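Residue numbers (our numbering): 6 to 432.
Working notes, structure below.
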Amino acid sequence: MIVALIAPTAEPNWLIMLPFAILLLSIAFAPLILQHHWERHYHRLCIVLAGIVCGYYVFAIDAAGRVLHAGRDYSSFMVVVGSFFVVAGGIHLRARGVARPADNALFLLAGALLANLIGTIGASMLLIRPWIGMNKSRFTGMHLAFFIFIVSNVGGALLPVGPPLFLGFLKGVPFWWTLQHCWLEWSTTLGFLLIVFYFADRINFRAAGNSVPETEATSTHWGCDGTQNFVFLAILLAALIFAPGGWREAIMIAAALVSYLRTHERIHQANNFSFAPIKEVGWLFLGIFGTMIPVLDYMELHAANLGLRTDFQFYWATGVLSGLLDNAPTYLAFLAGALGLRDLNIDNAQDISTFIAQHGGTLAAISLGATCFGALTYIGNGPNLLVKTIAEHARVPVPSFFSYICKFAVPVLLPIFALVSILFFWR
6 MIVALIAPTA
16 EPNWLIMLPF
26 AILLLSIAFA
36 PLILQHHWER
46 HYHRLCIVLA
56 GIVCGYYVFA
66 IDAAGRVLHA
76 GRDYSSFMVV
86 VGSFFVVAGG
96 IHLRARGVAR
106 PADNALFLLA
116 GALLANLIGT
126 IGASMLLIRP
136 WIGMNKSRFT
146 GMHLAFFIFI
156 VSNVGGALLP
166 VGPPLFLGFL
176 KGVPFWWTLQ
186 HCWLEWSTTL
196 GFLLIVFYFA
206 DRINFRAAGN
216 SVPETEATST
226 HWGCDGTQNF
236 VFLAILLAAL
246 IFAPGGWREA
256 IMIAAALVSY
266 LRTHERIHQA
276 NNFSFAPIKE
286 VGWLFLGIFG
296 TMIPVLDYME
306 LHAANLGLRT
316 DFQFYWATGV
326 LSGLLDNAPT
336 YLAFLAGALG
346 LRDLNIDNAQ
356 DISTFIAQHG
366 GTLAAISLGA
376 TCFGALTYIG
386 NGPNLLVKTI
396 AEHARVPVPS
406 FFSYICKFAV
416 PVLLPIFALV
426 SILFFWR
């Protein structure tokens, strides 16, 4: 995803932020109470709500540039998500046997490390299917939630190989900065999550003991088909990091297309590959990107009025908003706000260097808040909803939007984030 604060920011009427709230509430509750109607008409709701907001910006306040800017962000986002989805769908990791709690914990640790190398999108798409396969006989909402927590979010907090940290890299944050300055906070967050998961999975494993076939109750063995697509993953990663805007998207689309055409059909069949999940994500994020324009504008215009001064405050403010909005534009909005409070400009490379030298703690707080808190909801980070949709198509238990938040995200994540914020950002 490519976001740059180059479009003029207009003062939005607070009423125009209602479509965003309506969309969030619809995603949360409509699948529970109007499931069949939601499945048939959710894309129409996304179009209508995004159209209302975009129409307001174009015709009411003459800010068409802001809409075009959001459109470019959305297009880039879908190219990145879609490309990794297609290429990862051509790699079939075969898992035989049933994973024990220790196996699962090691798998999630490896997934977190891999997410830093190929991005949370690539790691999520590559690992979600074997994760479901190795736990098929005892898969619960807990397994999906912790996968999203660790692989789809926290894992991407050290290297800027994807949103949101990639946006800071484009603005001038050194490639290795977060690894050098945030590794301890990251390790602490990841360590607590793995400990909680291990003990929760032990309970699940014992409860499912009688239902696991003895022939399957062995350590997981691995195999891999479609290994040539690791080359295309490397091409996607290189394009994401090094290619300039415009060329980046073209290279990624070409790599995904060649990968898809060169992948044997049996691999796609083994992965139950279809474009239905990416289609659903595309419609939902069309609505999200369209309706969150005034919310982000309000944040940028009123950063000084939000009372944010300390690293602790930036960590929580960036985090909470990242759970409700897509975490990439939220990261950039708070980074712009933090620079603005110091009379610095996010589009000035020298100002970025000055900010990092003088306020590195604030940058760390914003970076970790955006990447980690994106796990609070299904819409906090691009891979979350994609993982959920793939799991639904695999016909395994998937928590609803509201259940995911109340049963897993809030009771597991918030205490860990609170402890991390006290240990590292309380000044």
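Even glycine gets a Cβ: it sits at the ideal position worked out from N, Cα and C.
Because the structure is a prediction, the values reported are computed rather than measured.
Rounded Cβ spacing between residue i and residue j (contact assumed at less than 8 Å)
{"i": "L131", "j": "I96", "result": "6 Å"}
{"i": "P388", "j": "T125", "result": "5 Å"}
{"i": "G161", "j": "T376", "result": "6 Å"}
{"i": "F257", "j": "V86", "result": "The residue asked about is misnamed: residue 257 is Met in this sequence, not Phe. Rounded, the Cβ-Cβ distance is 10 Å, inconsistent with contact."}
{"i": "S129", "j": "L391", "result": "7 Å"}
{"i": "A380", "j": "I153", "result": "6 Å"}
{"i": "G94", "j": "N386", "result": "Not confirmed; about 19 Å, so no contact."}
{"i": "A414", "j": "T382", "result": "7 Å"}
{"i": "L50", "j": "S80", "result": "Not really, about 21 Å apart at Cβ, beyond 8 Å."}
{"i": "A260", "j": "V92", "result": "7 Å"}
{"i": "W288", "j": "H48", "result": "4 Å"}
Paired residues, beta bridge with residue i - DSSP
{"i": "L98", "result": "C229"}
Distance CB(residue i)-CB(residue j) smaller than 8 Å
{"i": "G366", "j": "D302", "result": "no"}
{"i": "P3", "j": "V53", "result": "As shown, the chain starts at 6 and ends at 432. That puts residue 3 outside it, with no answer to give."}
{"i": "A370", "j": "Y409", "result": "no"}
{"i": "F82", "j": "F378", "result": "no"}
{"i": "T145", "j": "I421", "result": "no"}
{"i": "N158", "j": "N109", "result": "no"}
{"i": "M297", "j": "A205", "result": "no"}
{"i": "Y203", "j": "P135", "result": "no"}
{"i": "L346", "j": "A309", "result": "yes"}
{"i": "F237", "j": "S264", "result": "yes"}
{"i": "G231", "j": "I272", "result": "yes"}
{"i": "R253", "j": "L245", "result": "yes"}
{"i": "A65", "j": "G177", "result": "no"}
{"i": "L23", "j": "F407", "result": "no"}
{"i": "I27", "j": "Y61", "result": "no"}
{"i": "F89", "j": "L241", "result": "yes"}
{"i": "L172", "j": "L337", "result": "yes"}
{"i": "I395", "j": "I133", "result": "yes"}
{"i": "A55", "j": "V63", "result": "no"}
{"i": "I361", "j": "W182", "result": "yes"}
{"i": "L114", "j": "L329", "result": "no"}
{"i": "W43", "j": "A33", "result": "no"}
{"i": "W209", "j": "R267", "result": "For the sequence presented, residue 209 should be read as Asn rather than Trp. Not closer than 8 Å, so no."}
{"i": "E190", "j": "V425", "result": "yes"}
Residue of the options minimising C-alpha distance to residue i
{"i": "I351", "options": "M297, D78, F174 and M22", "result": "F174"}
{"i": "L311", "options": "F339, T183 and G138", "result": "F339"}
{"i": "R99", "options": "F180, W227, F171 and P36", "result": "W227"}
{"i": "V401", "options": "C51, G138 and A260", "result": "G138"}
{"i": "Q274", "options": "L428, A399 and L424", "result": "A399"}
{"i": "V156", "options": "L262, L198 and W431", "result": "L198"}
{"i": "G250", "options": "G342, R77 and E44", "result": "R77"}
{"i": "H74", "options": "G295, H307, S372 and G214", "result": "G295"}
{"i": "L418", "options": "A150, S372 and Q318", "result": "A150"}
{"i": "L313", "options": "L114, S142 and L344", "result": "L344"}
{"i": "L373", "options": "S358, F429 and E16", "result": "F429"}
{"i": "T359", "options": "W19, E16, P179 and F25", "result": "P179"}
Exercise for the section: For the stretch 321 to 330 and the stretch 281 to 292, state whether three or more C-beta atom pairs, one from each stretch, are separated by less than 8 Å. Expected result: no
Problem - Cβ contact (3+ pairs, closer than 8 Å) linking the stretch 154 to 172 and the stretch 108 to 123 - result: yes
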